[in-house]
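Accompanying notes for the structure given below.
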Amino acid sequence: MNPFPGTAALDQVVHLYRAHRPQRPAGPEDGDGELVAAVAAGQVEALRILHARHAPWLRARLARRCADSDLVDDAVQDTFLAVWRGAKRFDAGRGEVAAWIWTIGIRRLISRLRVRRVPSVELEENDAVIESAEDLVLLGVEHGDVGSAIARLSPELRAVVQATVLDGLTTREAARLLGIPVGTVKTRAMRARAQLRELLT
8 MNPFPGTAAL
18 DQVVHLYRAH
28 RPQRPAGPED
38 GDGELVAAVA
48 AGQVEALRIL
58 HARHAPWLRA
68 RLARRCADSD
78 LVDDAVQDTF
88 LAVWRGAKRF
98 DAGRGEVAAW
108 IWTIGIRRLI
118 SRLRVRRVPS
128 VELEENDAVI
138 ESAEDLVLLG
148 VEHGDVGSAI
158 ARLSPELRAV
168 VQATVLDGLT
178 TREAARLLGI
188 PVGTVKTRAM
198 RARAQLRELL
208 T
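Residue numbering for the sequence shown follows the working numbering, beginning at 8 and increasing consecutively.
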């Protein structure tokens, strides 16, 4: 029983007001979660801010997977169009906004690669892999034993680990991205796991 008779109707009015009141315009000081919520409410400026904040590192990371800069730019554009359309479905409880954007981005690149095959970026033996701060957050690899062990793998094994483990691609998607047969992805993944076990024990 409501100890304050008459307040139920007031509560309903307050709820309706909060649901329909004009939203504060998004600004650069807002966090990613607030910006996604604003995008879901139809605020174009929130999408512009998200794009300015996340497009540079997304483009840089995708460029490591694909040598065609036009294709990378298209994938980035596709990504933020998907953010605009899918913001209402974003679940903050399942991960960070940056990780969500990266998942969309890498899969949009895969979709573009299905249309036409372009060379993936090959790492030279003496290329040092220096992950950005965003990479470390997104990939969940800290400066420690695991990150060091991955960096010590050969370029072809490291690329497979990056695609299948860090990027979360399926074997078939990784094969398409790297331009190698599915069987080769599986073989290199097994070799990489074996070497990582040795390096971490």
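We treat Cβ as the ideally placed atom computed from N, Cα and C, and that holds for glycine.
Alpha-carbon spacing of His177 relative to Thr171, whole angstroms:
Checking the sequence shown, residue 177 turns out to be Thr, not His. If you take the alpha carbons of Thr177 and Thr171, they lie about 6 Å apart.
Proximity of Ala33 and His61 at Cβ, strictly below 9 Å: In this structure, His61 does not lie closer than 9 Å to Ala33 by Cβ.
Report task. Please name the residue, chosen from Thr208, Leu206, Arg68, Leu42, that lies closest to His58 on a Cα-to-Cα basis. Result -> Closest option to His58, Cα to Cα, is Leu42.
> Would the beta-carbon of Leu65 fall within 9 Å of that of Trp109?
Replying inline: Cβ distance < 9 Å, so Leu65 and Trp109 count as in contact.
Assuming Pro188 contacts Ala182 (C-beta within less than 8 Å), just tell me the rounded distance between them.
6 Å
Looking at the secondary structure, which residues open and close the alpha helix (DSSP H) in which Glu103 lies?
Glu103 -> no alpha helix (DSSP H), and no H or E assigned at all.
Can a CB atom of chain D be found closer than 9 Å to the CB of Cys73? Although the question refers to chain D, the structure presented lacks it and comprises just one protein chain.
- Pairwise C-alpha distance: Ala70 and Ser76: Ser76 and Ala70: Cα-Cα distance of roughly 7 Å.
- Nearest residue (CA-CA) to Asp80, options Ala45, Ile113, Leu54, Ile157: Ile113
query = For Thr86, does the count of other Cβ atoms within 10 angstroms reach 16, so buried, or fall short, so exposed?
reply = buried
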